[in-house]
Amino acid sequence: MKTYKDLQVWQKSMTLVTEIYKISKGSPKDEAYGLTSQMRRCTISIPSNMAEGYG
639 MKTYKDLQVW QKSMTLVTEI YKISKGSPKD EAYGLTSQMR RCTISIPSNM
689 AEGYG
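Below you can see the structure in the form of structure tokens.
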């Protein structure tokens, strides 16, 4: 394993990020800074934390 990008769990988490962004794109505009923002931030934190912890 050369980098964190080789980890299957990291790859799956990136797929989740992509899906959440696609799904939340259709959310109401009044939720842009509420639930939508929170979902996006917590989802992107998954692969980010793996990358940070890897090295």
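With my numbering as the guide, the letters of the sequence shown map in order to residues 639 to 693.
Think of the CB as a built atom: it goes at the ideal place given N, C-alpha and C, for glycine as much as any other residue.
With fewer than 16 other Cβ atoms inside 10 Å of its own Cβ, S675 counts as exposed. The shortest CA-to-CA distance from R678 to any of K650, E657, K640 and E690 is the one to E657. The Cβ neighbour count for T681, taken over all protein chains shown within 10 Å, is at least 16; the residue is labelled buried.
In the three-state scheme derived from DSSP, where H, G and I count as helix and E and B as strand, P685 is classed as helix.
For T656, the enclosing alpha helix (DSSP H) has its first and last residue at Q646 to S662.
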